């Protein structure tokens, strides 16, 4: 199972690092894959979509679940 978000305000490598850190802190053991050109973040290894979304928001970004 995977959870996917579009994060339009994720624009650079620093954003990727921040979001990846936030997700892995909120869902230890989760795997995070980022496609920066399409602004997609895919998380596998957890089913806690609400917790992951909140972590991304708390990091200062606006995720939209897809």
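Residue numbers (full-length UniProt numbering): 1 to 66. Using N, Cα and C, we set each Cβ at its ideal position, and we do this for glycine too. Model, not experiment: these values are computed from the prediction.
Residues of its chain near residue i, where Cβ-Cβ distance is below 8 Å and the 5 sequence neighbours each way are ignored
i	result
residue 30	23, 24, 43, 44, 45, 46 and 52
residue 55	22, 23, 25, 26 and 27
CB of residue i within 9 Å of CB of residue j, strictly
i	j	result
residue 27	residue 48	yes
residue 59	residue 13	no
residue 40	residue 32	no
residue 3	residue 65	yes
Environment of residue i [buried if 16+ CB atoms lie within 10 Å]
i	result
residue 1	exposed
residue 37	exposed
Opening and closing residue of the beta strand (DSSP E) in which residue i lies
i	result
residue 42	40-44
residue 33	31-35
Beta bridge counterpart(s) of residue i as assigned by DSSP
i	result
residue 4	42
Boundaries of the alpha helix (DSSP H) in which residue i is found, first to last residue
i	result
residue 66	Counting along the chain, residue 66 falls outside any alpha helix (DSSP H), and DSSP gives it neither H nor E.
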